[in-house]
Structure formats: C-alpha cells, structure tokens
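Enquirer: Numbering (my numbering), first residue to last: 2 to 72. Idealized CB from N, CA, C, for every residue including glycine. Take this structure, written in structure tokens, and hold onto it; I'll ask about it next.
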Amino acid sequence: MAEKTTVHGMTVSYEDNAEEGIRHLRDDLSSDEARVFFDQARTKGSAQFEDDEDRQYTLIYQNGAYALVRR
C-alpha cells in the first residue's frame, strides 16, 4: 500500500521500497536541488535520479500528483 509524505512542500506517494529515495530528496538535497526533479517530473511526466548508494528512482507526475518508484 502506498504511503504519502511531504518533501519540500510537495506531497509524494511511495511504496516501502522507495523510502530511501524519499529520505534522499528530503534530507540529502536542498529545497532548490530537489525542486529540479519536481519541476522536471511536472513538465516531462517523470524525473530519474540516484541516491548516494546508487539506488535508482523515478519521480512521476500524473493527474496532479507525485509518486516515487524504485527502478
């Protein structure tokens, strides 16, 4: 079941396997750095990134909502 949290003012849904990606966006990146991914997801539909442990994620924007999935 998807959980929801707020990351730099944006509500994001995610599954348990993407929790480290949420932590990376929220705790490791500044608001301005994270905003790049949110802006790209909003304009292009998705934004891919990796955390410090090389785990790969995709931030998706669809129907006015953000979701984070692990690739």
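Which residue from 20, 59, 14 and 23 puts its Cα closest to that of residue 45?
Expert: Taking the sequence shown and counting its residues from 1, the one referred to as residue 45 is at position 44. Minimum Cα distance to residue 45 is reached at 59.
Enquirer: What residue from 21, 8 and 14 has the CA that sits closest to residue 34's CA?
Expert: Taking the first residue of the sequence shown as 1, we reach residue 34 at position 33. Looking at the Cα atoms, 8 is the closest of the given residues.
Enquirer: Comparing alpha-carbon positions, which option in 52, 42 and 64 lies nearest residue 71?
Expert: Counted from its first residue, the sequence shown places residue 71 at position 70. The shortest C-alpha separation from residue 71 is found at 52.
Enquirer: Skipping 5 residues on each side, what residues in its chain have a beta carbon closer than 7 Å to that of residue 11?
Expert: Reading the sequence shown from its first residue, position 10 is the one you call residue 11. Closer than 7 Å at the Cβ level, and outside the excluded window around residue 11, lie 39 and 67.
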